[in-house]
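Student:
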Amino acid sequence: MDEKKNKQRIGVYVCHCGGNISEVVDVKKVAEEASKIGDVVLSKDYPHMCSELGQQMVINDAKKNNLDKVVIAACSPQFQGPTFMKTLEKAGLSPYVLEMANIREQAAWPHFNEHEKATEKSIELTKMAIEKARRDEPLQKGEIEIGNRVLVIGGGIAGIQASLDLADAGFKVTLVEKEPSIGGKMAQLSRTFPTEDCATCILSPKMAAVGDHPNIDLKTYSEIESINGFLGNFKVKIKRKPRYVYEDKCVACGLCEEKCPVKIEDKFNEGLSQTKAIHIQFDYAVPFKYYIEESPCLRLQYGGNACGLCQKVCPQDAIDFDMKPKYEDITVDTIIVATGFDIFDAREKPEYGFGKLKNVINGLQMERIIVKAAEGVELKQLGKKVAFIQCIGSRDKQIGRPYCSRICCMYAIKQASLVKKMDPSRDVYIFYIDIRAFGKSYEEYYNRAQELGVKFIRGKVAELMENPDNGKVIVKAEDTLNRQMIQGEFDTVSLSVGVGPNAATDKIVNMLKLAKSSDNFIQEAHPKFRPVDTLVPGVFLAGTAQGPKDIPDTVAQASGAAARAIALMNQGKYFFDPMYAFVNSEKCDGCELCISSCPYGAIKMENGKAVINAAVCKGCGVCIGHCPQDAIDMNLYSNEQLIAEVKTALESKKEGEHRIIIFADDMTSYRLIDSVGTAKMAYSSDSRIIRVPSGGRVTADLIVKSFYYGADAVIVADAEEKSSPYSTSKTEMFRNIEIAKKILTDAGIETDRLLGMNFVTVMLVAFVKTVNKYDEMLNQLGTISKEKREKLMINLREKLFGVKHE
Amino acid sequence: MAMKLPYYPGCTLKTKAKNFETSTLAVAKELDIELVELPKWNCCGAVSSIVTDDLMHQLAPARNFVRVLEMNKSGIVDNEYRLVALCSMCYNTLKRTNLLLKNDHEKLKTINDFMYLEEDYNNEVEVVHFLEILRDIGFDKVKEKVKVDLSSLKIAPYYGCLLLRPKEIAIDNTEDPRIESDLLDSLGVKPIDNPFKKMCCGAHQTVQDKYAVARNTYTIVSGAIKAGAEAIITSCPLCAFNLDNRQREAKELYPDFEGVPILYFTQVMGLAFGVPEEELGFDLNYNDPRPLLREKNILK
Amino acid sequence: MEEKRRDLMEEIAEANSSASSGIDDKKIKHWIHIYVLGKQYKVPASLTIMQALEYAGYRFNKSVGCRAGFCGACSTMYRVEGDYKIKTALACQTMAEDGMYLVQIPFSPAVKAKYDINNEPYDGNVFLKYYPELARCVSCNTCTKTCPQDLQVMDYVQAAIKGDFQKVAEWSFDCIQCGLCAVRCPAEIVQYHAAQLGRRMYGKYGLSEEPNIVKRVEEIMSGKFEEEFKKVMSLQKDELEKVYVKQQNEREIY
Amino acid sequence: MSKTVEITKEADQFLKKIEELSGEKITSCIQCGICSGSCPMINEMDLTPAQIMSKTQLGQEEELLNSKSIWICASCFNCKVRCPRDLDLAKVAEALRQVVLRKAVDKINIDAISPEEMMELPQIALVAACRRLTN
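Residue numbers (the working numbering), protein chains in the order written: chain E, 1 to 806; chain D, 1001 to 1300; chain S, 2001 to 2254; chain Z, 3001 to 3135.
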C-alpha cells in the first residue's frame, strides 16, 4: 500500500463558492494544508469550481499533470457531484476517482459563526477526502444487455392492458394466466361505474386482441413454477396444467358438455348456478376451448374406462385423459406482476351469515346476478327490498384489514342503481360508514343513484339474522345521522366485500424477493415517484397486486408499467453505478452466512465460495458485517476507505477536544445534514460526517475501530425504514450497534456514546438537537482513556463473531 | 389414574347454583377427572375491573392463583397449573386478570408487593373453563360414557358473553361458537341453533332493573323456542338466573310468553351418563325441567 | 444470669409501681417517649399502652373495659417511628414502645341488623340479606392484617359470601368485636356483625343440641332452683356481700 | 330546539381523562355505529354507544355522566369484538361510571333491595352490581 501511495497523483481544488465558503472558511489555508499531504501534486483555490472555467481548469490540469485522482472541496456531492463526475469523464478519467469534501454544507454554513473551527473542519474534511480518493479504484459504470422479452404474470385487465401496450410497441410478451381463460375478475362484472357501459363489451375486444396478437404468447391454465436470474436474464419455469382437451383440436362444438353426466357448481357464477365437469369457463373465454375439471370428472377420478362419454362423442377426438402437466422454460428481460386481487371471504365474519343465510350474498355474486338477469336468467330472486352493507372486510381491524378497499362504495352504488332500474318499485338501501366517491365523475354518479331513490343510511350493520317465518333477512343498525336505531326485513342483502391480494401473490413475491406493504399488497419502489417500479430492477407492478384499484386506475397503472418496462428495454443496455459488494474468494470459507443476510438474493455459492451478482446487488453493504472472515468488501465505500476517513477525522484531534463521528446514509441522513447546513442551523463543530450507502453498511467492526482511533461518540444515522431503499438496513444497523455495545461494555466504555437513529429528510431540528445533546454529554463523560480503547482491539474478531473462525 | 385439576367453584356454585357444582363433580367423576377445590379460595369479583388504574380489584383473582401455587407445593395436585373454572363469570374474571398480569409486569409487581403475606405469583397459572377440558379430552370420550338415550331432547346452547368475549379470552370462535353444540352432539342430544345464543342476558342489571333483563330473557328464550328448542343450556349461574327466574317477569310483560327450562350443561351430561337424579339437583332450577324429562321418559 | 433477670423484674415492678402509685419519678431509670393524639409524652418503660396513657394523665371513661383482653373496648391504632405500617392492638394487652403514635378507637360506627334467627331460613343468602355490602369485598386482606386477635377475617367474610355458616362460626369464634376490621375495610363491610349472625345461625341450626344444657333448662323450668333464688333475693346488702365473697373465694379453689 | 356545544379547553381535558382511565383512543372512533347495532341493552339506552363516543370526544361531561346508558351497559363486550377500530366501549363506559362513582356516589342502594329478592339473587349478581354500580 505504501508503494501504491507513492504512485498516486492527486489534484485538490478548494472552491470559494462565490463567498459562500470563503467568507467563513480560510480557503487559502485549506488549499495550503492540502498541498502538504503526500501525493498531492497540485492544490488550488478557485471562486467557482462548478463554472465552465472551473471545470475546464480541472480537465486541463488533469491532462497536464496526468492526475489520477481529483478532490474537490466545495459543496455537497449530492449537489454538484454528478457535474464533476462528467468533468472527469471529459478529462478521460474514471468518474469514480472523484472525491468531494463537503466544506460548504458541513463547515462554512453550519459553523458560520466560528470561522476558526470551520476552517479546521474544512481542512480535515479535505484530508479525509484525499485519503478516500487515494484508495479509489478507476471503476467504470456497470452495464447489462437487455433484450425485448417480457413476462406478464396474470391475465386480468391489468395484465391484458400491459401485454397489449408492450406487444403493440413490438416487444415479445409471454402472458401467463392460471385460469383456463384470461379476463380475470373484470370478466365477471356486469357494468362499470360511473359510465355503466357493460364490462364484457369493453373487455372482450381486448381479450380477443390478446388472443391473436403475433407478439403475445398466451399461456392460460398455467402457473409460474420458479423464477431465477435478474434483469435481462430472468429464467422462468412455467407449468402448463392439463386441460385434457387439445386446444388446437377443440372447436367448441359443445357435444361433450351435453353428454357429460357430472354437474358441478359454476365458479364463474360464484356458485349460483351449475355447469358440467367439462366446460368452457365462460361465454367469451379466450381461448374459447373446453377443459375438464379434474376432481369431479368420473374418468379422471376412477380411471379405467369409467364414463368417458365426452371422449366418445368428440368429433375432433380432442380429448385425452392421459394428458400430463407440461413444464416450459423461458428467458425474459423484464417482468410485469399483475396478479390481481381476491374478494374478502365473508365467512370470516360469521355474524353476517354469508354461506348460512340463503338471502345473504356477496358483491361479486350480485354482479353475476345482474349480468344473468340482463340475459333473462334469474340466478337468484332479488325481491322487492334489497340492502347493501358496506365495508365487509375493509376498514376492519378485527380481521387485520384496516385499509379501505376503494371500490366497494362505487360498485355498491352501481349495483344499487342497476337493481333499482331493473325494477323501480324496488326499495334499495345502502348501509355505509363513509361514501368514498373519489374518482372522476364518481360524485355525480353517486348523486344520480340518490336521485333514482336509492336510500343511503350512515351506519354499519352489526349482524344479520333470518326471520324463521319468512326467511327474510333482518337488518338492524344505528342511523348515526339520525341517532336512532332502525330495523327492517329485506329479501336480499348484498355484502359489499372488500379486496385483498390474490392468493397467488405471495408465491410470486417470494420468487422475485419483492417487498410487501403492511396491507399485504406488493410494495412499490416509491409511493409517489416510482409507483409502478419495484426495488428489483426490471420488475414492475400493474393493477391491484399493488393495492386496491378501480378499473381506470388499473388500466392507467398497467400502461404505466408497460411504459416503464419499454423505457428500460429500449436502451438495450442497463447502466448502474459500480456500487456493489464483492467476495475475496481467498478469504471466503463458504460458511454461507452472507447468503441469508442479503435481502435481494444476490449472493450464491459457486464451488464452495460465495459469489455476488453485481447486477442484482444494490450495494447496501449489510452482508459485509456478516462475514466472519472479513472476506466481503464493496466498491465506492470499501472498508479501507471508511477506516481511512475515520482515522483522518481523528488524527488532528487536540488534547481535551472531542469528536463525534456521524455515519450518514447517502439516501436520507446525508441529504438531511446538507439541508441543516443550507438552513444555517448551527451544531457542534466537533462532528465529522462520513457518507455511507446505508446504516447497515456500518459494521460493528467499523464502529469499534472508530472508538479505538479516538472517537468519543459515534452516531449511525440511517433512513427511516419507509424512506430507505434498503429493506433490511435499519434492522442490520441496530444489530451491529448491539454487537458493538457489548464490546464497548466489555472495555468499560459507556454505551451511551453510541447511538443509532433513523431519519427522514425533514428532521432537521431532531438532528441538530441530537448532535448538540451528544456534545454536552461528552463534556461530562470526557474522552476515553487509552487503556480502554486498546482493550477494544483485543481479540476483536472473536468478540464480533463469538467463535473464532479458522 | 384420574386427572387431578385445581378447581375454582365460585360463590354462587356454593349457594344458588349448587346443582351446577354437584352435577359437574358427578360427570367429572364419570370421566375420571378429579376436580380438587382450591383451599380458602375467595370471590373473584364476578366482573373484571376494566379501568386502567384500578388494581385493587385484580387482587381477588391474583390471590386465587397463589392458592394454585400452594396446592402444587403441598402436593395436593402434581405439577398442575391449569385452574378450572365452571362459572362463566369467574372464568372471565380470573382469565382476564391472569392475562393482565402476564402482559404488565409493573402491575404484577405492585400486586405481589401489596400481597406481601402471600408468596409471589409469577404467571404460572393458566385459567381454563371446564368445557375446554372436555374438548381437550375429546367429545368422543364423552360419547363413550353416554348410557341414556337423549335423542328425543331438543336443546339450544346459550353462550352469553363471558365465554366468548373479549376475543383474547374466548374459548371458541367469538362469532360462531360450536363447543356447546358439539358437546350436545356427543351426548346424543339434538342441538338447536338459537340466533340469540351470544346475546347478553343483561347480567348484573338484574339487580337494578329486572324488567330490562326480562326483555332480553324474552328475546333469547323465545328465539330458542322459535327455533324448536325445549330447553336451553348455559354455563353461567347469572345467565341461568336471568334466563330462568326472570321468565317470571317476562311473562308479566308478555302474557302469551311460554318459557322453557334452563339447564346447566353438566346437568344434561349427568342425564346422559345416568347420574342419579338427586346429584343433578333439578329442584334448584326455577322452571322445573322434570316434567319435560319425565314426558320424554328420561326420568322416571 | 440470675442477677440480670432479677434486675429486670425489679425495673418492671418499679416502673409499674410508679405508674400506679405515683411514687416520685426520680426512682425510675427507664423512660420511653410516646405520642398521643400527636402530643409527646415521657412515660416509664414497661407499661401497657393503657397504663402509659394513664401515666400521661389520660383518664378513661371510654375505650376501657375488662383490662384483661376480653371485652374488645380498648382498640388502639398506632404507628411506630421508622415503620410505615399501621398497627392495631388492645391497649390493655400491649406494651407501650418508644416512638409509638397512638390513638384510641372507642367505637366503630357499625349498624347491627335486626333479625330474629328463629324466623330465618338456614340459607346462605341470609348473610347478603342483612349485610349486602359483603358482596363488595375485594379480598384486600386488610381486615385480617388488622385483627388484634389474629383471626383470618377475610376468610370468614369470604365464607359468608359463600353462605358457609360453619366456617364463619368457627373462623370467627375468637372475635371480641373490637371493630378494628370494620374501621379499616375499604369495602365498608362490618365483618364482626356478619360473623355474629353466622355464629348465631350456626348455633341454632348447624349444631346439634347439647344434652346437658337441655337437661339444665328443664330443671330450671321445673323450678328446681326457685328455693335458692328466693333465699338470695331476700338477703340484706351486707349478707349478700358475705355470700358473694364466700362464693368468690370458693371459685379461687379451682 | 338544538343547542350549540361550546368547544372548550375543559372539554378536551375531560376527553383526555376518559382516554386515560379507559386506555382507549377515543378520538380514533369513526362513528360507524356498529357498537349500537351490537348492543343488547340498546333499547334501554338514552344515548347510543356511538353517541357516547362522539360526546366523549366533544367532552360533553354533564350529558354523559347524567345519561342512563353508561349505567345500563352490562359490559358484554359485543361492541368491542365488532368495532372496526378495535375500540373497547365497555372500558369507556366503565371509565365514565368511575368518574361518577369516585365522587363517593352509589348508583344503587343495595340496602334498599327487598329481603325476598336478596334471598333469591345469586351471589355473582350482587357482587357484579356492587363492582359496577357502587363506589
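We put the CB at the ideal spot given by N, CA and C, even for glycine.
Shortest alpha-carbon distance to residue 396/E belongs to which of 544/E, 430/E, 103/E, 348/E?
Tutor: For the residues 544/E, 430/E, 103/E, 348/E, the minimum Cα distance to residue 396/E belongs to 348/E.
Student: Going along the stretch 2113-2133 of chain S in order, which residues come within less than 9 Å of chain Z, judged by CB to CB distance?
Tutor: 2121, 2123, 2124, 2125, 2126, 2128, 2129, 2130, 2132, 2133
Student: Which residues bound the alpha helix (DSSP H) around residue 2155/S?
Tutor: 2153-2161 is the extent of the alpha helix (DSSP H) around residue 2155/S.
Student: Can you tell me whether residue 578/E is helix, strand or coil according to DSSP?
Tutor: coil
Student: Please name the residue in 297/E, 328/E, 420/E, 339/E whose C-alpha comes closest to that of residue 319/E.
Tutor: 297/E
Student: If I'm right that residue 492/E touches residue 382/E with Cβ under 8 Å, what's the distance once you round it to whole angstroms?
Tutor: 5 Å
Student: For residue 1105/D, report the span of its alpha helix (DSSP H) as first-last.
Tutor: 1105-1114
Student: Kindly indicate if chain D contains any beta-carbon less than 8 Å away from that of residue 2201/S.
Tutor: no
Student: Tell me the DSSP secondary structure of residue 2244/S in three-state form.
Tutor: helix
Student: To the nearest angstrom, how far is it from the Cα of residue 104/E to the Cα of residue 406/E?
Tutor: 48 Å
Student: Using a Cβ-Cβ cut-off of 8 Å, state whether residue 1102/D counts as contacting chain E.
Tutor: no
Student: So residue 485/E contacts chain D; which residues on that side make the cut at Cβ distance below 8 Å?
Tutor: Those do not exist, as residue 485/E stays about 14 Å from chain D at its closest Cβ, beyond 8 Å.
Student: Considering just the uninterrupted stretch of the alpha helix (DSSP H) at residue 2193/S, what are its terminal residues?
Tutor: Its alpha helix (DSSP H) spans residues 2191-2201.
Student: Using C-beta distances below 6 Å, list every residue in its chain close to residue 2/E, excluding the 5 sequence neighbours before and after it, in chain order.
Tutor: Low local confidence applies: a pLDDT of 44 at residue 2/E is under 50, so the model's placement there is unreliable, with the coordinate-based value given in what follows. So no residue of the chain qualifies.
Student: Name the two residues that bound the continuous beta strand (DSSP E) containing residue 327/E.
Tutor: 326-332
Student: Note down the Cα distance separating residue 514/E from residue 762/E, rounded to an integer number of angstroms.
Tutor: 28 Å
Student: Based on DSSP bridge pairs, tell me the residues matched to residue 1119/D.
Tutor: Paired residue(s): none; residue 1119/D is not in a bridge.
Student: How big is the Cα-Cα spacing for residue 804/E and residue 704/E?
Tutor: Low local confidence applies: a pLDDT of 49 at residue 804/E is under 50, so the model's placement there is unreliable, and no value is given.
Student: Please give me, in chain order, every unbroken run of the beta strand (DSSP E) with length at least 3 that falls completely inside the stretch 639-726 of chain E.
Tutor: 660-665, 687-692, 713-719
Student: For residue 285/E, which of 432/E, 186/E, 42/E, 749/E has the nearest alpha-carbon?
Tutor: 186/E
Student: Let me make sure I understand the geometry here. Which of 371/E, 701/E, 400/E has the alpha-carbon closest to that of residue 273/E?
Tutor: 371/E
Student: Please report how far the alpha carbon of residue 758/E lies from the alpha carbon of residue 717/E, in whole angstroms.
Tutor: So the two alpha carbons sit approximately 6 Å from each other.
Student: Quick one: which residues of the stretch 1206-1236 of chain D get their C-beta closer than 8 Å to a C-beta of chain E? List them in chain order.
Tutor: 1226, 1227
Student: What three-state label does DSSP hand residue 548/E in the structure shown?
Tutor: coil
Student: Looking only at C-alpha atoms, which of 363/E, 468/E, 316/E, 451/E sits nearest to residue 270/E?
Tutor: Nearest C-alpha to residue 270/E: 363/E.
Student: I need the boundaries of the beta strand (DSSP E) containing residue 1005/D, first residue and last residue.
Tutor: Per DSSP, residue 1005/D belongs to the beta strand (DSSP E) from 1003-1008.
Student: Which residues does DSSP list as the beta-bridge partners of residue 275/E?
Tutor: In the DSSP secondary-structure assignment, residue 275/E is bridged to 264/E.
Student: How is the alpha helix (DSSP H) around residue 3130/Z delimited, first residue to last?
Tutor: It spans 3123-3133 - the alpha helix (DSSP H) in which residue 3130/Z sits, taken as one unbroken run.
Student: List, in order along the chain, the chain Z residues whose C-beta lies closer than 9 Å to that of residue 2067/S?
Tutor: In chain order: nothing, as chain Z lies at least about 37 Å away.
Student: For residue 3040/Z, which residues from the same chain have a beta carbon less than 8 Å from its beta carbon, with the 5 sequence-adjacent residues on both sides left out?
Tutor: 3074, 3076, 3078
Student: Beta-carbon of residue 2136/S versus every beta-carbon of chain Z: anything under 8 Å?
Tutor: yes
Student: Helix, strand or coil: how does DSSP classify residue 411/E here?
Tutor: helix
Student: Got a sec: is the Cβ-Cβ distance from residue 531/E to anything in chain D below 8 Å?
Tutor: For residue 531/E, not one C-beta of chain D is nearer than 8 Å to its own C-beta.
Student: Nearest to residue 1128/D by alpha carbon, out of 1256/D, 1274/D, 1090/D?
Tutor: Measuring from the Cα of residue 1128/D, the nearest candidate turns out to be 1090/D.
Student: With distances taken between CB atoms, is the gap from residue 610/E to residue 583/E smaller than 8 Å?
Tutor: yes
Student: Residue 4/E by DSSP, collapsed to three states: which one?
Tutor: With a pLDDT of 47 at residue 4/E, under the threshold of 50, the predicted position of this residue should be treated as unreliable, though the coordinate-derived value follows. Helix, per DSSP.
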